[in-house]
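Those protein sequence lines, which keep their order, are chains A and B. So the first sequence is numbered by the numbering used here: it starts at 35 and just counts up by one. So the second sequence is numbered by the numbering used here: it starts at 35 and just counts up by one. The block underneath contains the structure these notes are about, expressed in structure tokens.
2 protein chains.
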Amino acid sequence: MSIAPDATESHHARLRARSGELTKPTAGLAPGYVQANLAILPRSLASDFLLFCQRNPRSCPLLGVSDPGDPHLPSLGTDLDIRTDVPLYRVWRDGELVEECANLHHVWRDDLVSFAIGCSFSFDESLVAHGIDVRHMSCGCNVPMYRTHIPTAAAGPFSGPMVVSMRPMKAADAIRAVQITSRFPALHGAPVHLGDPAEIGIADLQRPDYGDAVEVRVGELPVFWACGVTPQSAIAAARIAFCITHAPGHMLVTDLKTQSLAAF
Amino acid sequence: MSIAPDATESHHARLRARSGELTKPTAGLAPGYVQANLAILPRSLASDFLLFCQRNPRSCPLLGVSDPGDPHLPSLGTDLDIRTDVPLYRVWRDGELVEECANLHHVWRDDLVSFAIGCSFSFDESLVAHGIDVRHMSCGCNVPMYRTHIPTAAAGPFSGPMVVSMRPMKAADAIRAVQITSRFPALHGAPVHLGDPAEIGIADLQRPDYGDAVEVRVGELPVFWACGVTPQSAIAAARIAFCITHAPGHMLVTDLKTQSLAAF
């Protein structure tokens, strides 16, 4: 594969995924560039899903939506081809995972609409840059995620509880983290809760529903952010006939600079 | 008409519109409550319009979207009925204004989707509260609005240039206004431009395309915000078969508190 020497790191990552060379998780790739959750749905469901995202902006901040059948998302990247540029995809039929694959050529259809949804990888980077210990990063594991009893606002077949990610922090860091993440509404924004997990329906922090448990040390508060797994969970619960997502951790690397998404 | 004594000022305004008692512009009504632009479209066009709003969040910040055929928007107000609660409506057919009316009972259809879009009335209130002279308010006229050469991102039949509103300010106030309005992305957020109008395709500030001209004094900069007329302009240009909007200045008064929309 030949890659132009002036390709950005983000473009480079996509080209490596496209060629089949990159099939691993994207954490740490192309620092400073926004990575995105991916959901691809038939046009007949796309407008309800778009409405679901509009009604639940903390969980489902939309970075881009394609035209039906168009595999490109020019606002997110030069030359971006959604059929090939993610390292690993999951294909779902009737709510069941039927295949993991490195490209979508064999399942692409003219009625598919692609949704790129903000993810917390990028704000973790900002927290670390401000000197805050992001536990799952310092431990080298996946962020712990939990189903809550906070309802989402339903749209068509899409509904269900908000899923949150959790980072334990000292109070001073939690306050600073509110300030830092408030700047990025497109990356889930400010926390939705901090302190007592039971208040949002979490029984045991050491038993996350997704990802890995991390230690909450004496003097630390758990801090909870709306999570991009929420829409995937709503899609799965709706048991829709056909859809495609990225495989966990294998994100769409965009050409958007994280700092360009700062609201202030 | 009997109105419960504990009705909020916003609810009270809607009930007065519903009874036919309120048919005038809503500027200054129910201070502290968010007022919204209204667009009502058939379901067949709603998903393209929703996409247009998603792609142009500065011009078209969505406060709420109804389910098809449902005249209620419970997230925006107790008992809100979109068919009656706006003081004056406009009905459009094939891109032409065909009627102004005080309610929608005679034109309502089961396939209509209502879009409530943020408006700058609420941030004007915040600017004044911070001691900034908002010229069109101190002059008692309508805000000047201009078509620019800044393109919107198209979706389906909807496209066209961004329309902006303009407020002249001294530099120190312009800087403070950036800070204040950045807090309210759902009310158009920070300015899109300040200084030379020609840079965004405005030839003459004294000849606005909508609203009234205001004086720009020596030592003042014109400051420009994306405007909720942008989607109306896109709807008109698309010459769609049927739609409904509010009449200019006759906004939907919601139960949302302006301060509850502050992003930080």
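From the three backbone atoms N, C-alpha and C, an ideal C-beta is built for every residue, glycine too. Please read all numbers here as calculations on a predicted model, not as lab measurements.
Name the DSSP bridge partner or partners of residue i?
i	result
Met203 of chain B	B:Leu255
Glu233 of chain B	DSSP, once it has assigned bridges, lists no residue as partnering Glu233 of chain B.
Glu134 of chain A	A:Arg124
Val99 of chain A	A:Phe149
Leu228 of chain B	B:Val257
Would you identify the three-state DSSP class for residue i, choosing helix, strand or coil?
i	result
Pro219 of chain B	helix
Arg127 of chain B	strand
Met196 of chain B	strand
Leu75 of chain A	strand
Leu295 of chain A	helix
Gln69 of chain A	strand
Met35 of chain B	In this prediction, Met35 of chain B has a pLDDT of 48, which is less than 50 and means its spatial position is unreliable; what the coordinates show is noted afterwards. Residue state, collapsed to three classes: coil.
Asp158 of chain A	helix
Ile151 of chain A	strand
Cys277 of chain B	strand
Thr186 of chain A	coil
Ala208 of chain A	helix
Val250 of chain A	coil
Ala260 of chain B	strand
His140 of chain A	coil
Met285 of chain A	coil
Arg50 of chain A	helix
Arg181 of chain B	strand
Leu114 of chain B	coil
Leu63 of chain B	coil
Leu290 of chain B	strand
If you compare alpha carbons, which of the options is closest to residue i?
i	options	result
Val141 of chain B	B:Ile278, B:Leu295 and B:Ala297	B:Ile278
Leu63 of chain B	B:Ala80, B:Arg169 and B:Ala47	B:Ala47
Leu286 of chain B	B:Gly103, B:Val168, B:Ala208 and B:Leu122	B:Leu122
Asp128 of chain A	A:Pro76, A:Gly165 and A:Leu85	A:Pro76
Gln266 of chain A	A:Asp145, A:Pro102, A:Val198 and A:Cys173	A:Val198
Pro191 of chain B	B:Leu84, B:Leu110, B:Leu72 and B:Ile151	B:Leu84
Gln69 of chain B	B:Ala247, B:Trp259, B:Glu159 and B:Gln240	B:Glu159
Leu31 of chain B	B:Ser78, B:Asp115 and B:Ser100	Limits of chain B in this structure are 35 at one end and 298 at the other, which puts residue 31 of chain B out of reach.
Pro256 of chain B	B:Ala270, B:Gln293 and B:Lys204	B:Lys204
Glu133 of chain A	A:Gln240, A:Thr182 and A:Ala281	A:Ala281
Arg210 of chain B	B:Asp167, B:Asp238 and B:Pro185	B:Asp167
Leu110 of chain B	B:Cys135, B:Leu72, B:Glu130 and B:Asn90	B:Leu72
Ala189 of chain B	B:Val252, B:Phe86 and B:Arg241	B:Phe86
Thr57 of chain B	B:Phe298, B:Val177 and B:His284	B:His284
Leu79 of chain B	B:Phe258, B:Gln293 and B:Phe276	B:Phe276
Leu295 of chain B	B:Ser81, B:Met200 and B:Ala220	B:Ala220
Thr182 of chain A	A:Ala51, A:Gly98 and A:Asp243	A:Asp243
Thr112 of chain B	B:Asp145, B:His45, B:His222 and B:Arg143	B:His45
Ala272 of chain B	B:Ser172, B:Ser100 and B:Asp82	B:Asp82
Verify the CB distance criterion: does residue i have a CB-CB separation below 8 Å to chain A?
i	result
Gln88 of chain B	yes
Glu178 of chain B	First, the residue type needs correcting, since residue 178 of chain B is Pro and not Glu in the sequence shown. No, no contact with chain A.
Leu114 of chain B	no
Ser156 of chain B	no
Ser81 of chain B	yes
Ser216 of chain B	yes
Pro219 of chain B	yes
Leu96 of chain B	yes
Asp207 of chain B	no
Asp289 of chain B	no
Under a CB-based cut-off of 8 Å, is residue i close to chain B?
i	result
Met35 of chain A	Any reading at Met35 of chain A needs caution, since the residue's pLDDT is 49, under 50, leaving its predicted position unreliable; the model's value is listed next. No, because no Cβ of chain B sits closer than 8 Å to the Cβ of Met35 of chain A.
Pro185 of chain A	no
Ala73 of chain A	no
Val257 of chain A	no
Val141 of chain A	no
Ala297 of chain A	yes
Val99 of chain A	yes
Pro282 of chain A	no
Leu84 of chain A	yes
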